[in-house]
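First the structure, in the form of structure tokens, and then the observations on it.
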Amino acid sequence: MDKLHECLITLHNLVAPNHYRMVLQSKEIATQSLPGQFVMLEVSPGYYPFLRRPMSIERIFSDGVSILYKVCGEGTKILSTLSTGEKINVQGPLGNSFPIPKEYSHYLIVAGGIGVAPFPALVEGILKVRGIAPEIILAGKDFHHLLCEKDFRQMGCKIHLVTEDGSAGHKGLATDILETLDLPDSTIVYTCGPLPMIKNVHKICEQKKWLCYASLEAEMACGEGVCLGCVIPAKMEIENEMMARVCREGPVFDTQVILWDKIGEK
Ligand SMILES: Cc1cc2nc3c(=O)[nH]c(=O)nc-3n(C[C@H](O)[C@H](O)[C@H](O)COP(=O)(O)OP(=O)(O)OC[C@H]3O[C@@H](n4cnc5c(N)ncnc54)[C@H](O)[C@@H]3O)c2cc1C
Ligand code: FES
């Protein structure tokens, strides 16, 4: 499979409590990747854990990509023990990418917690295609969970910080800020984060008539559209069912396409 690459880990840092950035060297992945795509990591060469772990591509460099991840279970715990200089098997890039239509005048990103991971690459993409720095609502539980703020500022983005405990920026939720923003009709919104946040971002965008794209998650096995392990209810037809594969038709979806009433929340 030409999607499998043995990559050197050239950097692996703790960036916040329980959160790491890993840089993977691979010219092939770098040259094929688009903002919004993801990779599947074989966190251990043995049979445990059996499945690869999907991670968004955070940034695309000339000779590799970075990922930003949160340790939440066995797989990510093992991943966090790997050192710079070790190799890891990486499948990718996979999935579709964020569209960057040229007719929009305003680009807004709503990121919650580790959901920020695909957005540094998107900001760089929008800067390249449109020469415009997107505005960002960057939300997290507390100030530790506001990741990539410095990178976004260096890229020239206007940022609204939001924390649930009020330790930085507005105390509350990302959607509090989204509701108050007075932006033109030609605004396009991109979002990723906890499902309840994405659902509310979708509702607000519907009211404001803003086009909204969300990067969604689902548990994955093959990552390439074969096993149907990652399907979500959607206004799309696959094998006579109204569904979409997050790994193939997604992970980025126009939020109008998702059958939100039929999606459960973890
Ligand atoms: C397209 C995509 C992009 C993602 N990007 C990122 C990212 O950039 N950074 C990040 O921290 N996390 C990301 N995730 C979530 C990440 O894949 C899971 O947190 C991770 O697989 C958990 O593995 P674990 O073994 O530590 O946890 P466990 O809970 O032990 O995992 C058990 C199984 O569930 C799967 N799983 C558990 N939680 C999730 C989840 N939320 N999404 C998908 N599969 C899950 C695992 O792959 C594994 O098969 C992404 C998920 C998807 C689908
Ligand atoms: S993970 Fe197999 S079809 Fe999506």
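Every number in this note's numbering is 2 more than the matching position in the sequence shown, counting from 1. Just so you know, even glycine gets a beta-carbon here, dropped at the ideal spot from N, CA and C. Just so we're clear, the structure is a prediction, and the values are computed from it rather than from any experiment.
Open item on the list: Output needed for Leu81: all residues of its chain with C-beta closer than 6 Å, excluding positions within five of it in sequence on either side, in chain order.
Closed with: The answer, listed in chain order, is Val45.
TODO: Check Ile102 in the structure and name its three-state DSSP category.
DONE: Looking at Ile102 - three-state DSSP - the assignment turns out to be coil, as it is neither helix nor strand.
Task: When Ala216, Val228, Arg250 and Gly225 are compared against Ile260, the one with the closest alpha-carbon - done: It is Ala216 whose Cα lies nearest to the Cα of Ile260.
Task: Separation of Asp263 from Asp65, as counted between CA atoms - done: Distance between the alpha carbons of Asp65 and Asp263: 42 Å.
- [ ] Measure the C-alpha to C-alpha separation of Leu96 and Leu36 and round it to an integer number of angstroms.
- [x] Between Leu96 and Leu36, the C-alpha separation is close to 9 Å.
Task: Inter-stretch contact at 8 Å, needing at least 3 Cβ pairs: the stretch 186-204 / the stretch 156-163 - done: The stretch 186-204 vs the stretch 156-163: no contact.
Open item on the list: With a threshold of 6 Å on Cβ separation, who are the neighbours of Phe121 within its own chain once the five nearest residues in sequence on each side are excluded?
Closed with: Around Phe121: Ile111 and Ala113.
TODO: With Asp153 as the anchor, note down where its alpha helix (DSSP H) starts and where it stops.
DONE: Annotation for Asp153: the continuous alpha helix (DSSP H) segment containing it runs Glu151 to Gln156.
Open item on the list: On the criterion of 16 or more Cβ atoms from any shown chain inside 10 Å, does Gly77 qualify as buried, or is it exposed?
Closed with: With 16 or more other Cβ atoms within 10 Å, it is buried.
- [ ] Taking only the alpha-carbon atoms, compute the straight-line gap between Glu226 and Met244 and give it to the nearest angstrom.
- [x] Inter-residue distance for Glu226 and Met244 is about 19 Å (C-alpha atoms, whole angstroms).
Task: Collapsed DSSP secondary structure at Val41 in the structure displayed - done: In the structure shown, Val41 adopts extended strand secondary structure according to DSSP, grouped into three states.
Open item on the list: Looking at ligand 1, does it come within less than 8 Å of Ala246, judged from the CB to the closest heavy atom?
Closed with: For ligand 1, not one heavy atom lies less than 8 Å from the Cβ of Ala246.
- [ ] Take Ile206 and list the residues in its own chain whose beta-carbon comes closer than 7 Å to its own, dropping the five residues that flank it on each side.
- [x] Cβ contact annotation for Ile206 (same chain, cutoff 7 Å, sequence separation greater than five): Thr177, Leu180 and Glu181, in chain order.
- [ ] Compare the beta carbon distance of Val254 and Gly38 with 9 Å and say whether it is the shorter of the two.
- [x] Judged by beta-carbon spacing, Gly38 lies within the 9 Å limit of Val254, meaning their Cβ atoms are closer than that value.
Open item on the list: Since Val67 and Ala119 should fall inside the 8 Å C-beta cutoff, what is the C-beta to C-beta distance between them, to a whole number of angstroms?
Closed with: Going by Cβ atoms, the distance from Val67 to Ala119 rounds to 11 Å, so no, they are not a contact pair.
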